[in-house]
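Peer 1: Would you mind keeping the following structure in view while I ask a few things?
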Amino acid sequence: MITLLGLSLNELQDLCLQEGFPKFTAKQLCDWIYIKHVRDFDAMTNLSLKTRARLKEIATSGLFAPIEGHCSVDGTKKYLFASGDSYIESVYIPADDRGTLCVSCQRGCKMGCRFCVTGQQGFHGSLTAGEILNQIFSVPESEAITNVVFMGMGEPLDNFEAVKRAIEVMTSEWGPAWSPHRITVSTVGITPVLCRLLDECQCHVAVSLHNAFANERMAMMPMQKAYPIADIVALLKRYNWYGQRRISFEYTMFRGVNDDLNHAAEIVKLLKGLKCRVNLIRFHASPDVPYKTSDERTMTAFRDYLDSHGVTCTIRASRGEDIMAACGLLAGKKQ
Ligand code: SF4
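Numbering (my numbering), first residue to last: 54 to 388.
Okay, here's the thing in structure tokens:
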């Protein structure tokens, strides 16, 4: 069976040609799947009955609903999708002027960040572009989504072809025609693939920093050994940032680990000369990882230090604590 979700207009045209369908059927399929999010071929009423019957024999739309949904008191919603023999999560975060969907790109993750529940679960496979797009098109709030962030389970640059294809579909004129600036890819920074992301996609980029001291970062994030943060920042400083494209650094604050002002000073040193923003993130404590959440006063002092030393910094509002919005917790529990 061919999965249509994730195919480009050209690929759909090839399929139509091969099956003897009229060429415009490809554009109609794009409208049904990418714009209207219709799952069943029977509901695609402008296709001939013969075309629909043949499509049912050879293909599936690739759209499928989440198997579970959990709603937080603050309106954040977490969805669980079945994928292979495991599960992945998507989180919808509503705000006054936007609705952000945080999507997963892998089942588990190879990166092994010590503070991350997904990292502790190991790697169970990469998602296809269709499985990534399905999260965007199949959550009940699909029509309200204004932004997508690749900050769920998995490392996007370890599944770059699928992530890139999903971004291409979202930003193409035969698809939803989003501006790439509505999409942010978050990464630990696999440097050679980061170069490709910067060259081949125009989306915003968020780098997982979490510690500016190389030796301490290595203890938290084993990928620091292969891809040191100094090299990542050097690459970003060489890159020509233009237009509305943004680079940010994600910094989850852990009590007594990375939250004193020496750490803030090291961030100032590291990021000097780079136009960027640092997002401080409250850690969602979990029994499975040995880190604790920094307190409010420490986070505020850290932010004020960065701001007063020329690094734009915000404390990200904590959302969905009561439904375990931290990456991988729900999928791990279900597993
Ligand atoms: Fe993977 Fe991201 Fe978790 Fe690190 S934080 S283990 S990159 S999912």
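Beta carbons are placed, not taken as given, at the ideal position from N, Cα and C, and that holds for glycine.
Since we're looking at a predicted model, the values are computed, not measured.
Do P281 and A259 come within 8 Å of each other at the CB atom, strictly closer than that value?
Peer 2: In this structure, P281 does not lie closer than 8 Å to A259 by Cβ.
Peer 1: Measure the CB-CB distance between C158 and I185 and report whether it falls below 8 Å.
Peer 2: Yes.
Peer 1: I'd like the ranges of any alpha helix (DSSP H) spanning at least 4 consecutive residues and lying wholly in the segment 294 to 373.
Peer 2: Correct list: 314 to 324 and 349 to 361.
Peer 1: Does the segment 334 to 341 come into contact with the segment 289 to 302, if we say contact requires no fewer than three beta-carbon pairs (one atom in each stretch) closer than 8 Å?
Peer 2: At 8 Å Cβ cutoff, the stretches do not touch.
Peer 1: Taking M273 as the reference, give the member of L247, N311, G207 and V238 with the closest Cα.
Peer 2: Residue N311 is the option with its Cα nearest to M273.
Peer 1: I'd like the list of long-range same chain contacts for I146, defined as Cβ closer than 6 Å, with 5 residues on each side in sequence excluded.
Peer 2: Counting only Cβ-Cβ distances below 6 Å, and skipping sequence neighbours, we find T129, T153 and R372.
Peer 1: Please classify E121: is it buried, with 16 or more other beta-carbons within 10 angstroms of its beta-carbon, or exposed?
Peer 2: Counting Cβ neighbours within 10 Å, E121 comes out exposed, since fewer than 16 surround it.
Peer 1: Taking the straight line between their C-alpha atoms, what separation do you get for L262 and R330?
Peer 2: Approximately 12 Å between the Cα atoms of the pair.
Peer 1: Keeping to the same chain, check which residues put their C-beta closer than 8 Å to that of V126; ignore five residues upstream and five downstream.
Peer 2: Hits under 8 Å: D375.
Peer 1: Could you tell me the alpha carbon to alpha carbon distance between V156 and C124, rounded to whole angstroms?
Peer 2: Spanning the two alpha carbons is a distance of roughly 16 Å.
Peer 1: Report yes if the C-beta of S136 is less than 7 Å from at least one heavy atom of the ligand SF4; otherwise report no.
Peer 2: No.
Peer 1: Assuming I88 and L116 are in contact, meaning their beta carbons sit under 8 Å apart, how far apart are those beta carbons, in whole angstroms?
Peer 2: Going by Cβ atoms, the distance from I88 to L116 rounds to 12 Å, so no, they are not a contact pair.
Peer 1: Let me know the beta strand (DSSP E) ranges lying completely inside the segment 92 to 163, each 3 residues or longer, listed in chain order.
Peer 2: Counting only runs of 3 or more, we get 121 to 124, 130 to 136, 139 to 147, 152 to 155 and 159 to 161.
Peer 1: Does DSSP classify V222 as helix, strand or coil?
Peer 2: Reduced to three states, the DSSP call for V222 is helix.
Peer 1: Following a CB-centred definition, is E303 positioned closer than 7 Å to any heavy atom of the ligand SF4?
Peer 2: No.
Peer 1: Strictly by DSSP, which residues pair up with G178?
Peer 2: Paired residue(s): R160.
Peer 1: How many Å lie between A287 and A79 at the Cα?
Peer 2: Their backbone Cα atoms lie some 44 Å apart in a straight line.
Peer 1: Flag K163 as yes if its beta-carbon sits less than 8 Å from any beta-carbon of chain D, otherwise no.
Peer 2: The structure shown has no chain D; it contains just one protein chain.
Peer 1: Quick one: what does DSSP say H263 is sitting in, helix, strand or coil?
Peer 2: Correct three-state label for H263: coil.
Peer 1: What's the C-alpha gap between T224 and M97?
Peer 2: Each residue's alpha carbon lies about 23 Å from the other.
Peer 1: Taking only heavy atoms of the ligand SF4 into account, decide whether any of them is closer than 7 Å to the Cβ of C158.
Peer 2: Checking the Cβ of C158 against the ligand SF4 gives no.
Peer 1: Give a single yes or no on whether C166 has its beta carbon closer than 7 Å to a heavy atom of the ligand SF4.
Peer 2: It does: the Cβ of C166 is within 7 Å (strictly closer) of some heavy atom of the ligand SF4.
Peer 1: Assess contact between the segment 166 to 181 and the segment 228 to 237, defined as three or more Cβ pairs (one per stretch) separated by less than 8 Å. Is contact present?
Peer 2: Taking 8 Å as the limit for Cβ pairs, the verdict is that the segment 228 to 237 does not touch the segment 166 to 181.
Peer 1: Nearest by alpha-carbon distance to G58: which of L100, G242, L251 and T113 is it?
Peer 2: Going by the sequence as given, residue 58 is Leu instead of Gly. Among L100, G242, L251 and T113, the Cα nearest to that of L58 belongs to T113.
Peer 1: Taking C-alpha atoms, which residue in G205, D149 and D357 lies nearest to A384?
Peer 2: Taking only the C-alpha atoms, the option nearest A384 is G205.
Peer 1: Just the C-alpha distance for L70 and G183, rounded to the nearest angstrom, thanks.
Peer 2: Between L70 and G183, the C-alpha separation is close to 22 Å.
Peer 1: Let me confirm a value: L180 is counted as buried when at least 16 other C-beta atoms fall within 10 Å, else exposed. Which label applies?
Peer 2: Result: buried.
Peer 1: Here's a check: name, in chain order, each residue in its chain whose Cβ is nearer than 6 Å to the Cβ of G296, leaving out the five neighbours to either side.
Peer 2: Hits under 6 Å: none found.
Peer 1: Residues in the same chain with beta-carbon distance under 8 Å from N25, minus the five sequence neighbours each way, listed in chain order, please.
Peer 2: Residue 25 is absent from the model: the chain starts at 54 and stops at 388.
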